[in-house]
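Heads up: the sequence lines are chains A and B, in that order. Here the first sequence is numbered in the working numbering, starting from 246 and rising by one per residue. Here the second sequence is numbered in the working numbering, starting from 10 and rising by one per residue. Just so it is clear, CB atoms sit at the ideal spot from N, CA and C, and this is done for glycine as well. Keep in mind it's a predicted model, so treat the numbers as computed, not measured. Working notes, beginning with the structure itself.
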Amino acid sequence: MTRGRLIFNSLTHHARSHVGTLLGAIVASAVLTGSLVVGDSVKKTLQNQAQQRLGHIQAALVQHDRFFRADLANAIALDDKTHFAPILKLNAAGYVTDTKKRANQIQLIGIDDSFWKQALLKTIRPPILKDGEALINPRLAAQLGLKAGDEFRLRIAKPSVLPRDAPLSVAEDLTARLTLTVAKVTGVNSELANFSLRPGAVPPFNVFVPLAWLQKKSRTARTRQRDAREQYNTDSRTGSIGQCRAEKKLAHRGCGVGAD
Amino acid sequence: MADVMLLQLKNISREFPSAEGGAPLEVLRGLSMEVARGESIAVVGPSGCGKSTLLNLIGTLDQPSGGTINFDGRDLLGLDADELALLRNREMGFIFQSHHLLPQCTVMENVLVPTLAHGRATATDEERARRLLDRVGLGERLAHRPGQLSGGERQRVAVVRALINEPQLLLADEPTGALDQATADQLGQLLVELNAEENVTLITVTHSEKLANQMASTVELKDGQIKS
């Protein structure tokens, strides 16, 4: 009789309960390990999604129905370590004339070179966009069946200095069309392909265009609307024109970024 | 005289704290007794009089609240836990009402389990185990497991297991409590015979008057003291 013999006897005699305990431990370990792995996976996925959506952006100053001056970005730059980038973001719906493919809820984003400092670029040189050229993300490319060099159209809500439901706001000609050429389809995990200031599991439809070009269009629209508002104020003071006629006149003058 | 006496208890008391925070429960009160070498003693008394408590104190399974216990010239209260464990293994044997045999081991292996405390069973140990098992009538059952034995046979294996390390003192707490009358009588007789043959001092706690009468002397406890 030895201690080893005693241990062996105990193991063989209670083999069934030992196997049961072992299986229970294995199942419990698998469940716990699986839970931890899934938890880590979900966490990593959410981190990746957030990174693709925001890049290096840490804060955003958003005015939903108002606009900042583009040079405000330079004015509020406090030091060399913090980068500011102005963007002009408009809502749009897109379609391709030939294929009749459509996409709604598109983000049309006017950007300049400073924007790329916030992006997770996989290329050394940022993409160069000319007027009328667009950089689109893979989801929009798949939705509309687009590739580099293809042409597509966007219908955008014209930017306005007045809210749409304000009494002075124009009631007609609220949208405009833009024809754009695809300069490049961004990589899936790079170049802020899924840039969005709103969290969500589904990637957005993104179209990036030159900021100056979009500003130029917008400025034209805002100028038209300001002229209309001044005309309305003059008419109101003289009392020669009623509310309904004024609204009709504003509508005729328009305030879009311009249709091509 | 000191060589004759194996065990000396002087003014032993044992108290248990009350659960409600009241006065402690006194189980043994100033108990003194002496046990000579080779003697066989039956400790009897009504339930709750402190028989098993006394046996636990003698077997160093419990500590008294007061008094002294001398075993073979040593003060048991002066020994540390390791020394007490060694003492219990080498110089004391225990038999309980339940046999407490290991179901995964054979009769022979069960008897040899106490020898593992000091390494492994030697050939001498195995020879002694074989002889004792043959003595108690289990010579043909060495490879059997406890599940293949009757209640009386299991208790006889437990007796041999208690004797395997040649203890000076054998403590039995109701050894026949779980047996029928005929088997209990046989086991009682066996204990008395082994007491003489192995020259081991035997202290048996029992409710059985018949078993008590088989012992050389009887000590009756009442209210925590020896009834004079």
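(1) Going by DSSP, what residue range makes up the alpha helix (DSSP H) through Lys19(B)?
(2) Please list the residues of the segment 254-280 of chain A that have a C-beta atom closer than 9 Å to any C-beta atom in chain B, keeping them in chain order.
(3) Quick one: does Thr290(A) have its CB under 8 Å from some CB of chain B?
(4) Return the chain-ordered list of same chain residues with a C-beta closer than 6 Å to the C-beta of Leu16(B), the five sequence neighbours on each side being excluded.
(5) Would you mind listing the beta strand (DSSP E) stretches within the segment 120-187 of chain B that are 3+ residues and don't spill past its ends, in chain order?
(6) For Phe312(A), write down the residues that DSSP places opposite it in a beta bridge.
(7) CB-CB under 7 Å to Val433(A), same chain, minus the five flanking residues each way: which ones, in chain order?
(8) Buried or exposed for His108(B), please, with buried defined as at least 16 other CB atoms from any protein chain shown within 10 angstroms of its CB.
(9) Whose C-alpha, out of Glu100(B), Leu125(B), Met117(B), is nearest the C-alpha of Val166(B)?
(10) Just to confirm the assignment: which complete beta strand (DSSP E) runs, minimum length 3, are found wholly within the segment 32-79 of chain B?
(11) Does any residue of chain A have a CB that is nearer than 8 Å to the CB of Glu136(B)?
(12) Could you give the distance in angstroms between the alpha-carbon of Ala270(A) and the alpha-carbon of Leu251(A)?
(13) Mind checking Gly68(B): buried by the 16 CB within 10 Å criterion, or exposed?
(14) How would you write the range of the alpha helix (DSSP H) that Gln296(A) sits in, first residue to last?
(15) Give the range of the beta strand (DSSP E) segment to which Glu207(B) is assigned.
(16) For Ile104(B), does the count of other Cβ atoms within 10 angstroms reach 16, so buried, or fall short, so exposed?
(17) Using the three-state DSSP reduction, which class does Val341(A) fall into: helix, strand or coil?
(18) In three-state DSSP terms, what is Thr424(A)?
(19) Could you tell me the distance, in whole angstroms, from the CA atom of Asn98(B) to the CA atom of Ala126(B)?
(20) Which of helix, strand or coil does DSSP assign to Asp189(B)?
(21) How long is the line joining the alpha carbons of Asp91(B) and Ser22(B), rounded to whole angstroms?
(22) Exposed or buried, Leu178(B), counting other C-beta atoms within 10 Å across all chains shown (16 or more means buried)?
(23) Using a beta-carbon distance below 8 Å, is Ala130(B) in contact with chain A?
(24) Counting pairs of beta carbons, one from the segment 158-175 of chain B and one from the segment 141-148 of chain B, are three or more of them closer than 8 Å?
(25) Using C-beta distances below 6 Å, list every residue in its chain close to Ala28(B), excluding the 5 sequence neighbours before and after it, in chain order.
(26) Let me check understanding here. Comparing Cα to Cα, which of Leu353(A), Lys362(A), Ala305(A) lies closest to Lys326(A)?
(27) Taking the C-alpha atoms as reference points, what is the distance between Gly57(B) and Val36(B)?
(28) Is it a yes or a no for the segment 151-160 of chain B touching the segment 68-77 of chain B, going by three-plus beta-carbon pairs under 8 Å?
(29) Quick check: Val454(A) and Gly355(A), are their CB atoms within less than 8 Å of each other?
(30) Strictly under 8 Å for the Cβ-Cβ distance: is Pro112(B) near chain A by that measure?
(31) Short check: CB of Ala428(A) to CB of Glu396(A), under 8 Å?
(32) Nearest CA to the CA of Leu442(A): which residue from Ser262(A), Leu277(A), Leu335(A)?
(33) Sort out for me which residues DSSP pairs Gly355(A) with in a bridge.
(34) Determine the closest residue to Ser41(B) out of Ser226(B), Thr227(B), Asn20(B), with distance taken between C-alpha atoms.
Based on what the coordinates show:
(1) Run containing Lys19(B): none in the alpha helix (DSSP H); it sits in the beta strand (DSSP E), 14-25.
(2) Asn254, Ser255, Leu256, Thr257, His258, His259
(3) no
(4) Val44, Phe80
(5) 178-182
(6) Answer is none; Phe312(A) lacks a bridge partner.
(7) Pro383
(8) buried
(9) Met117(B)
(10) 34-45, 49-53
(11) no
(12) 24 Å
(13) buried
(14) 260-299
(15) From DSSP, Glu207(B) is part of no beta strand (DSSP E); its letter is neither H nor E.
(16) buried
(17) coil
(18) strand
(19) 7 Å
(20) coil
(21) 24 Å
(22) buried
(23) yes
(24) yes
(25) none
(26) Lys362(A)
(27) 8 Å
(28) no
(29) yes
(30) yes
(31) no
(32) Leu335(A)
(33) Leu333(A), Val454(A)
(34) Asn20(B)
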